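Residue numbers (our numbering), protein chains in the order written: chain A, 997 to 1107; chain B, 2 to 114.
Next up, the structure:
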């Protein structure tokens, strides 16, 4: 059983704050790391797919980094807005067709 | 572009009744298909995946089953629903390449009473 951990479990920030959270995954047999944004009662929306050690991806105010040697990825949100409130999921793929999902970080941005 | 359809969007069923949820994918061929469930207060749990027609792998023992009668059709079924089957069911597909992402359907909210 692969262990994919996300921390913190939940996070409350004020509008305008920058924030970041972590996804930890096995450092061996790495294939890809996915980040998703998941709003309640909707389907997860893909943010990034990261495959190379040292990868950095950016989409608007959201960015992510990847360290495959130590088995972690960070997701950053700059200047959080209330519409950023969602659960952020990461999923690890270790060379198979089966992504292993973390339990997510629930972000609530207060106006 | 690829599109994934799921229906119904919501479903309320009595305990012991059968279930059939359908998922179809457009715009791709030979996709890897997945059924996930999110139970209340829980994370995303993989139920079944399929790499081709008639090929189904089950991840979690349960009273659910899945079938893939056509390349782009994936069906989740149950003969007798349990209260614990309530949740949000998501169908997803993945091409398989390292840079390919997994796309999710709109989901079905199932309530078993």
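Don't be surprised by glycine CBs; every beta carbon is placed ideally from N, CA and C.
All values derive from a computational prediction rather than experimental measurement.
For residue i, tell me which candidate among the options has the shortest Cα-Cα distance.
{"i": "residue 1097 of chain A", "options": "A:1042, A:1055 and A:1075", "result": "A:1042"}
{"i": "residue 1046 of chain A", "options": "A:1058, A:1028, A:1066 and A:1038", "result": "A:1028"}
{"i": "residue 42 of chain B", "options": "A:1006, A:1070 and A:1074", "result": "A:1006"}
{"i": "residue 1087 of chain A", "options": "A:1039, A:1044 and A:1016", "result": "A:1044"}
{"i": "residue 29 of chain B", "options": "B:84, B:57 and B:74", "result": "B:74"}
{"i": "residue 991 of chain A", "options": "B:36, B:68 and B:85", "result": "Because chain A spans 997 through 1107 in this model, residue 991 of chain A falls outside it and cannot be assessed."}
{"i": "residue 1000 of chain A", "options": "A:1085, A:1105, A:1011 and A:1106", "result": "A:1085"}
{"i": "residue 102 of chain B", "options": "A:1036, A:998 and A:1040", "result": "A:1040"}
{"i": "residue 100 of chain B", "options": "A:1051, A:1012 and A:1037", "result": "A:1051"}
With a threshold of 7 Å on Cβ separation, who are the neighbours of residue i within its own chain once the five nearest residues in sequence on each side are excluded?
{"i": "residue 53 of chain B", "result": "31"}
Mind reading off the beta-carbon distance from residue i to residue j? Whole number of angstroms is fine, and I expect it under 8 Å.
{"i": "residue 1082 of chain A", "j": "residue 1034 of chain A", "result": "6 Å"}
{"i": "residue 1099 of chain A", "j": "residue 108 of chain B", "result": "18 Å between Cβ atoms; not a contact."}
{"i": "residue 84 of chain B", "j": "residue 22 of chain B", "result": "Not confirmed; about 17 Å, so no contact."}
{"i": "residue 51 of chain B", "j": "residue 34 of chain B", "result": "5 Å"}
{"i": "residue 1093 of chain A", "j": "residue 95 of chain B", "result": "6 Å"}
What's the C-alpha gap between residue i and residue j?
{"i": "residue 1065 of chain A", "j": "residue 82 of chain B", "result": "44 Å"}
{"i": "residue 1072 of chain A", "j": "residue 1060 of chain A", "result": "6 Å"}
{"i": "residue 1068 of chain A", "j": "residue 1021 of chain A", "result": "6 Å"}
{"i": "residue 88 of chain B", "j": "residue 112 of chain B", "result": "7 Å"}
{"i": "residue 1048 of chain A", "j": "residue 1023 of chain A", "result": "12 Å"}
{"i": "residue 12 of chain B", "j": "residue 1063 of chain A", "result": "42 Å"}
{"i": "residue 80 of chain B", "j": "residue 4 of chain B", "result": "29 Å"}
{"i": "residue 64 of chain B", "j": "residue 10 of chain B", "result": "21 Å"}
{"i": "residue 1101 of chain A", "j": "residue 1053 of chain A", "result": "19 Å"}
{"i": "residue 70 of chain B", "j": "residue 57 of chain B", "result": "11 Å"}
{"i": "residue 8 of chain B", "j": "residue 72 of chain B", "result": "18 Å"}
{"i": "residue 1037 of chain A", "j": "residue 40 of chain B", "result": "12 Å"}
{"i": "residue 1078 of chain A", "j": "residue 55 of chain B", "result": "44 Å"}
{"i": "residue 1107 of chain A", "j": "residue 1056 of chain A", "result": "20 Å"}
{"i": "residue 61 of chain B", "j": "residue 998 of chain A", "result": "15 Å"}
In chain order, what residues of the same chain have a beta carbon less than 6 Å from the beta carbon of residue i, not counting five sequence neighbours either side?
{"i": "residue 1003 of chain A", "result": "1018"}
{"i": "residue 1091 of chain A", "result": "1025 and 1027"}
{"i": "residue 38 of chain B", "result": "46, 48, 88 and 90"}
{"i": "residue 6 of chain B", "result": "25"}
{"i": "residue 105 of chain B", "result": "91 and 93"}
{"i": "residue 1080 of chain A", "result": "1073 and 1105"}
{"i": "residue 17 of chain B", "result": "81"}
{"i": "residue 27 of chain B", "result": "4"}
{"i": "residue 1012 of chain A", "result": "1075"}
{"i": "residue 1089 of chain A", "result": "1027, 1028 and 1095"}
{"i": "residue 86 of chain B", "result": "113"}
{"i": "residue 1058 of chain A", "result": "1073"}
Can you list the residues of chain B that residue i reaches, using a CB-CB cut of under 8 Å?
{"i": "residue 1069 of chain A", "result": "By Cβ distance, chain B contributes nothing, its closest Cβ being about 15 Å from residue 1069 of chain A, past 8 Å."}
{"i": "residue 1042 of chain A", "result": "102, 103 and 104"}
Report the neighbours of residue i on chain B: residues whose CB is nearer than 9 Å to its CB, in chain order.
{"i": "residue 1099 of chain A", "result": "43, 44 and 45"}
{"i": "residue 1085 of chain A", "result": "44 and 45"}
Whose Cβ in chain A lies nearer than 9 Å to the Cβ of residue i?
{"i": "residue 52 of chain B", "result": "1093"}
{"i": "residue 108 of chain B", "result": "1037, 1038 and 1039"}
{"i": "residue 65 of chain B", "result": "Result: empty, since nearest Cβ-Cβ is about 17 Å, beyond 9 Å."}
For residue i, which residues in chain B fall below 7 Å Cβ to Cβ?
{"i": "residue 1030 of chain A", "result": "102 and 103"}
For residue i, return the contacting residues in chain A, with the cut-off set at a CB-CB distance below 8 Å.
{"i": "residue 33 of chain B", "result": "1093"}
{"i": "residue 95 of chain B", "result": "1093 and 1095"}
{"i": "residue 91 of chain B", "result": "1039 and 1040"}
With a threshold of 8 Å on Cβ separation, who are the neighbours of residue i within its own chain once the five nearest residues in sequence on each side are excluded?
{"i": "residue 1015 of chain A", "result": "1007, 1009, 1072, 1073, 1076 and 1103"}
{"i": "residue 140 of chain B", "result": "Lying before the first or after the last residue shown, residue 140 of chain B is absent from chain B, which here runs from 2 to 114."}
{"i": "residue 67 of chain B", "result": "36, 48, 49, 51, 57, 59, 75, 76, 77 and 78"}
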